[in-house]
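> In this note's numbering, the protein residues as written are 1 to 386. For every residue, glycine included, the Cβ atom is placed at its ideal position computed from N, Cα and C. Quick caveat, the model's predicted, so the values are computed rather than measured.
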């Protein structure tokens, strides 16, 4: 089996799973309970928070545990919008955000907020100048992803931060779910960023747990009411086994980040070299410093992405499709449609996403399988005919 769908989810690290099982078995008290079992759980919870904060270079009081990237994004965006709405109701995002961001903005739009969705160029990048022009006196929030989950384009977060430095009252949120552990953190993190989101299962941790970073100086409204956990921002009994396991997963991921990201890039480059010159192939994720090392999006003209996915699956090669929504409002539109890629090409796109465990040998096996299906479909679509 060859698994090239790591941007969707990664396999949990065996050491991380062992931590999860141990905590679930041995430290099962509620961290909010006053007795010794609760205190032991509370100490482990805060130890995990300290570890995550240290690994990310922030304060422990700025780390909040959530159920994953979707909740982190929703909490940051809606919490910021509702907390600052007395100062204005104009909010800014882009046309290529993950659905958890895009739909959160759509819901706020339905609730009376005015949304500006910044366009992207033909390569999938948001122009800093477009952000500068979009900012108004009543703008209260900007949310822009660090790494696009479909094509891997790395957005110019530092350039956005320079623009927002002149607007300190605008909250700046960055979805960094696809950026952690890829050797690009310095490219996507800036002191001007007020909030960012992470999801455990993207870096070999358990599912159902994530991180929201929020500067201690910034206040946002909670989306959950209840027992006041996470200093009131996210009520609900903490998933301690998953949190402890996530902290370990983050440590293990960052320990080998440079070498792992280089291996991922090597696999990507090897596959690119094998397919780039084939007639009818369009590459959306070149191997350069402006794109994440672990994501490769390509399309075979005239063949739907779903067909390619299921054909490769017959050889136990697992990849995914991308979104190609027809929405003219771009509320939930896919990245390729926002890039104005013709529908015949966009609907034929697939995404390969790599991990440090992927090898050049697997890349060779993929190329053999891909060229086999390419030759079959090329005849049907007369690719390469003069």
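Is it right to say residue 241 is buried, meaning 16 or more other beta carbons lie within 10 angstroms of its own, or is it exposed?
The residue is buried, with at least 16 neighbouring Cβ atoms inside 10 Å.
> Which residue wins for smallest C-alpha separation from residue 351, given the options 32, 251, 253 and 286?
Selected option, being the one with the closest Cα: 286.
> List the DSSP bridge partners of residue 96.
Paired residue(s): none; residue 96 is not in a bridge.
> Bridge partners of residue 91, per DSSP?
According to DSSP, residue 91 bridges with 115 and 141.
> Could you give the distance in angstroms between the alpha-carbon of residue 160 and the alpha-carbon of residue 132?
The straight-line gap from Cα to Cα measures roughly 8 Å.
> Do the region 185-197 and the region 23-39 touch if we need at least three Cβ pairs shorter than 8 Å?
With the cut-off at 8 Å, the region 185-197 and the region 23-39 do not touch.
> If you draw a straight line from the C-alpha of residue 216 to the C-alpha of residue 111, how long is it?
Approximately 27 Å, taken between the alpha carbons.
> Taking the Cβ atom as the reference point for each residue, do residue 188 and residue 146 lie within a distance shorter than 8 Å?
Closer than 8 Å, so yes.
> Could you check whether residue 182 and residue 294 sit closer than 8 Å to each other, using their CB atoms as the reference points?
Their beta carbons are under 8 Å apart, which means residue 294 touches residue 182 by this criterion.
> Over what stretch of residues does the alpha helix (DSSP H) that includes residue 124 continue unbroken?
Per DSSP, residue 124 belongs to no alpha helix (DSSP H) and is neither H nor E.
> Starting from residue 42, trace the alpha helix (DSSP H) both ways and give me its first and last residue.
Residue 42 -> alpha helix (DSSP H) spans 36-56.
> Cα-Cα, which of 301, 367 and 257 is closest to residue 341?
Minimum Cα distance to residue 341 is reached at 301.
> To the nearest angstrom, report how far apart residue 186 and residue 92 are at their CA atoms.
C-alpha separation (whole angstroms): 23 Å.
> Measure the C-alpha to C-alpha separation of residue 198 and residue 380 and round it to an integer number of angstroms.
C-alpha separation (whole angstroms): 43 Å.
> Using 10 angstroms around the beta-carbon of residue 368, count the other beta-carbons present and answer buried if the total reaches 16, otherwise exposed.
Exposed.
> If residue 124 sits next to residue 157, beta carbons under 8 Å apart, how far is it from one beta carbon to the other, in whole angstroms?
In fact, because the Cβ distance is near 15 Å, the residues do not count as touching under 8 Å.
> What would DSSP say about residue 427, mapped onto helix, strand or coil?
The structure shown has nothing for residue 427, since the chain only spans 1 to 386.
> Grouping DSSP H, G and I as helix and E and B as strand, with all else coil, what is residue 370?
Helix at residue 370.
> Taking the alpha-carbon positions, what's the residue 6 to residue 224 distance?
The straight-line gap from Cα to Cα measures roughly 30 Å.
> If you count every other CB in all the chains shown that lies within 10 Å of the CB of residue 245, and 16 or more means buried, which is it?
Buried.
> When DSSP labels each residue in this structure, what does residue 330 get in the three-state scheme?
Legend: pLDDT at residue 330 = 39, less than 50; position of this residue unreliable, value from coordinates given subsequently. In this structure, residue 330 counts as coil in the three-state DSSP scheme.
> Rounded to whole angstroms, what's the CA-CA distance from residue 318 to residue 2? Just pull it up for me.
Their backbone Cα atoms lie some 6 Å apart in a straight line.
> Roughly how many angstroms lie between the CA atoms of residue 254 and residue 55, to the nearest whole one?
Going from the Cα of residue 254 to the Cα of residue 55 covers about 8 Å.
> Who pairs with residue 352 in a beta bridge, going by DSSP?
DSSP lists 296 as partners of residue 352.
> Exposed or buried, what is residue 343 when buried is set at 16 or more other beta-carbons lying within 10 Å of its beta-carbon?
Answer is exposed; the Cβ neighbour count stays below 16.
> So, helix, strand or coil for residue 198, using DSSP?
Residue 198: strand per DSSP, three-state reduction.
> Which same chain residues end up closer than 6 Å to residue 119 when comparing Cβ atoms and leaving out the 5 residues on each side of it in sequence?
Only 95 meet the Cβ criterion.
> Can you look up residue 234 in the DSSP assignment and give me helix, strand or coil?
DSSP places residue 234 in strand when its eight states are reduced to three.
> Mind checking who residue 214 pairs with in its DSSP beta bridge?
The partner list for residue 214 (beta bridge, DSSP) reads 195.
> Leaving out five residues before and five after residue 126 in sequence, what residues of the same chain have Cβ atoms less than 6 Å from its Cβ?
Correct list, in chain order: 94, 118, 120 and 155.
> For residue 164, which residues of its own chain have a beta-carbon under 7 Å away from its beta-carbon, when the five flanking residues on both sides are left out?
Taken in chain order, the residues that qualify are 142, 170, 172 and 192.
> Evaluate residue 62 with the Cβ neighbour count: other Cβ atoms within 10 Å of its Cβ, from every protein chain shown; 16 or more gives buried, anything less gives exposed.
That one is buried.
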